[in-house]
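Protein sequences appear in the order of chains L and S.
The first sequence begins at 314 in our numbering and counts up one residue at a time.
The second sequence begins at 38 in our numbering and counts up one residue at a time.
Glycine included, each C-beta is placed from N, C-alpha and C at the ideal position.
Quantities reported herein were computed from a predicted structural model and do not represent experimental measurements.
Let me begin by presenting the structure, written as structure tokens, before commenting on it.
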Amino acid sequence: MTLKARARRLAVRGSRAWYRWRGPRQPGPPEPPPCPDGWRTGPPHYVGVGAQKAGTSWWNRLIETHPHVVSPPGQPKELHFFDRSWEEPFGTADIESYQRYFPVPQGSVAGEWTPGYLIDFWTPELIARAAPEAHILVLLRDPLERFRSGLTHQLATSSAPLTDRDIQGAFQRGLYAPQLRRVLAAFPAERVWIGQYEACRADPARQLARTFAFLGLPPHELDPDAIGSEVNPTTREKFQPSPSLRASLLAGYAPDLAQLTELVPGLDLSSWPSAREVGLA
Amino acid sequence: MPAAPREPRQPAAGLPDGWQTGPPDYVGVGTARSGTTWWDSLLLAHPGVSRPATTPKEVHFFDRRWEHGLVEGDIARYHALFARPAGHRCGEWTPGYMLDAWTPALLRQAAPDARLLVLLRDPVERFRSGRTLAESRFTVGATARAAANAAFNRGVYADQLLRLWAVFPHEQVLVLQYERCVAEPRAQLERTYRFIGLAPEVPPELELDVRVNGSRGPKVTLSEWQEGQLVRCYAPENERLAALLPDLDLTLWKSPR
């Protein structure tokens, strides 16, 4: 083994140990990108707010293929701008700071998609203050599949065994109704697009056309090859809840699913196995 | 930060003459920072209620059983914690039972006939009173953000109640409002005694307005914006709860102006 390879291995081990000791990085926004000559910064045209493990990286990448959508080089999909805004006062300086992340040339638009915004109860109202005209994007997924995918991701990134708090936390993220109520309290319904991961998988071209239309962008046909593959696909075996836990999760999601049909009129519950299993579709 | 509480040790074999073990007669299932320790102590003050010194108020029996549910011997282990003289009532009160998705079904298996008690408090005050970091019991990776979310979600009561009702008949669940217990402790206590099958008379020497556990731990200081934000976010959830509970008096809880 070369010295370089050995050093790299040591560095990886060290960073894993650091991660285990320190816990996951407290996510926060990176530095805003430079604003080239002739470009202007301003509030984002769209903000994706959720949900985690519902295909948002894939969908955001497809949105960014539109010729009118600009993504500054190096800018991550997830800004996590509001992650710490519960603890600290949020004022004009914060609004100006947020808007610096979205430089665009004339005729183009920009946005971001941080899936955690949906669960943070303080965030929808702050987005409405920082980007009052923004279009809000939400991708939902069968809550039980989302639960499994979330815990699979956690097991892949941490060596710690799952605890009751992890299970309850992952369950809670799939209770969509209270989360959507907060978004719909902060933004008019016509400026909130609530899509379904399953529909996007089944017919991406059609759903993408809808997304572009919602964003007020001219139609843009995508090369079928470019649509294809998922970002962040799950590579390890999926977390499988025990029959007993699975039954409890389904029973726990049933009242939430029942509310979703009222909150989101166009929602197709029949594409969610959980909803079919509890007799709601 | 404290780890998840350990389950109490099994009592030593051998009961005094005339004592017996069995499923709890009552189980308090919710909710944290809402006066449950105070109310539990008032239950224990009734001459017809007893609980072994080795069994704490919060048993946390189901917390760790999310994966496999109850395995052989678990039900007997749970029942062994509730030793009492014949004719006495015995129970426990773990405020997190109502929150955890897997717990109502397991509790129904272990204590199908138990009378369930839920004490609810204005979720904004509950949030303020919660030692948010401690109550979320996050260890590695705990962030203020995760703790705030966990504390907030504990105050979304309607879904928790629906999960409970999905496995227990409504008449087996008594939902009390903390603010009413404070305002009229005697009437609410009589109601509680009656609900768990006891003579409703409150022992005359009993000090009703002692608030156990009240000042332990710092309160969360909320800014005006934070409080307003909580009030706004909880309002639709409180409305949903009131639709489920006709007796709930929402005028006792903060609502948007």
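Residue i versus chain S: which residues are under 7 Å apart at the beta carbon?
i: tryptophan 435 of chain L; result: Gln266
i: glutamate 400 of chain L; result: Ala181
i: aspartate 396 of chain L; result: Arg182
i: aspartate 477 of chain L; result: Ala41, Asp100, Arg101, Trp103 and Asp137
What are the boundary residues of the alpha helix (DSSP H) that residue i is part of?
i: tyrosine 115 of chain S; result: 111-116
i: glycine 265 of chain S; result: 261-281
i: tyrosine 359 of chain L; result: Where tyrosine 359 of chain L is concerned, there is no enclosing alpha helix (DSSP H), although the beta strand (DSSP E) it sits in stretches over 359-363.
i: phenylalanine 527 of chain L; result: 517-527
i: isoleucine 376 of chain L; result: 369-377
Cutting at 6 Å between CB atoms, please list the residues of its own chain near residue i, excluding the five before and the five after it.
i: tyrosine 115 of chain S; result: Phe98 and Ala147
i: glycine 579 of chain L; result: none
i: glycine 296 of chain S; result: The first residue shown for chain S is 38 and the last is 294, placing residue 296 of chain S beyond what the model contains.
i: phenylalanine 394 of chain L; result: Pro342 and Tyr411
i: tyrosine 430 of chain L; result: Val362 and Thr436
i: serine 260 of chain S; result: none
Please list, in chain order, the chain S residues whose beta carbon lies closer than 8 Å to that of residue i.
i: glutamate 438 of chain L; result: Gln266 and Arg269
List, in order along the chain, the chain L residues whose C-beta lies closer than 9 Å to that of residue i?
i: glycine 167 of chain S; result: Correct list: empty, because the minimum Cβ distance to chain L is about 14 Å.
i: alanine 142 of chain S; result: Ser557, Ala560, Ser561 and Ala564
For residue i, which residues in the same chain have their Cβ closer than 8 Å to its Cβ, ignoring the five residues on either side in sequence?
i: histidine 105 of chain S; result: none
i: glycine 420 of chain L; result: His381
i: valine 64 of chain S; result: Gly128, Glu129, Trp130, Thr131, Tyr134, Leu144, Ala148, Ala151, Arg152, Leu153 and Leu154
i: alanine 203 of chain S; result: Pro141
i: proline 356 of chain L; result: Tyr411, Gln412, Phe415, Ala443, Ala444, Pro445, Glu446 and Ala447
For residue i, which residues does DSSP report across the bridge?
i: leucine 453 of chain L; result: L:Gln509
i: glutamate 129 of chain S; result: S:Val64
i: proline 122 of chain S; result: S:Trp56
i: valine 210 of chain S; result: S:Leu153
i: glutamate 425 of chain L; result: L:Val360
i: histidine 448 of chain L; result: L:Tyr359
i: valine 496 of chain L; result: In the DSSP output, where bridge partners are listed per residue, valine 496 of chain L has none listed.
i: valine 382 of chain L; result: L:Val422
i: valine 193 of chain S; result: For valine 193 of chain S, which the question treats as bridged, DSSP gives no partner whatsoever.
i: valine 86 of chain S; result: S:Arg126
i: arginine 255 of chain L; result: It is not possible to answer for residue 255 of chain L, since the shown part of chain L is limited to 314 through 594.
I believe residue i touches residue j by the beta-carbon criterion, under 8 Å. Please report the beta-carbon distance rounded to the nearest angstrom.
i: isoleucine 449 of chain L; j: valine 417 of chain L; result: Isoleucine 449 of chain L to valine 417 of chain L, Cβ: 19 Å. No contact.
i: leucine 563 of chain L; j: leucine 582 of chain L; result: 13 Å between Cβ atoms; not a contact.
i: proline 531 of chain L; j: tyrosine 489 of chain L; result: That pair is no contact at about 31 Å.
i: glutamate 425 of chain L; j: valine 360 of chain L; result: 6 Å
i: glycine 72 of chain S; j: arginine 158 of chain S; result: 7 Å
i: leucine 439 of chain L; j: tryptophan 139 of chain S; result: Not really, about 34 Å apart at Cβ, beyond 8 Å.
Tell me which same chain residues have a C-beta within less than 7 Å of the C-beta of residue i, skipping the five on either side of it?
i: serine 87 of chain S; result: Arg121, Pro122, His125 and Cys127
i: proline 93 of chain S; result: Pro45
i: arginine 504 of chain L; result: His448 and Ile449
i: glycine 297 of chain S; result: One cannot answer for residue 297 of chain S here, as it falls past the ends of chain S, which runs 38 to 294.
i: leucine 285 of chain S; result: Gln214, Leu278 and Ala279
i: proline 337 of chain L; result: Here proline 337 of chain L scores only 49 on pLDDT, less than 50, and its place in the model is too uncertain to base an answer on.
i: glutamate 276 of chain S; result: none
Please list the partners that residue i has in chain L, where partner means a Cβ-to-Cβ separation under 7 Å.
i: glutamate 104 of chain S; result: Ser555 and Leu558
i: alanine 138 of chain S; result: Gln481, Phe484, Ser561, Leu562 and Gly565
i: alanine 185 of chain S; result: Trp399
i: valine 193 of chain S; result: Pro491
i: aspartate 196 of chain S; result: Leu488, Pro568 and Asp569
Of all the CB atoms in chain C, is at least one closer than 8 Å to the CB of residue i?
i: leucine 431 of chain L; result: This model lacks chain C altogether; the protein chains it does include are L and S.
Could you name the residues of chain L that residue i contacts, counting a contact when the two beta carbons are closer than 8 Å?
i: leucine 199 of chain S; result: Pro568
i: tryptophan 75 of chain S; result: Residues of chain L passing the Cβ test: none, with the nearest at roughly 25 Å.
i: tryptophan 262 of chain S; result: Pro402 and Phe403
In chain S, what lies closer than 9 Å to residue i by C-beta?
i: arginine 494 of chain L; result: Cys270, Pro273 and Glu274
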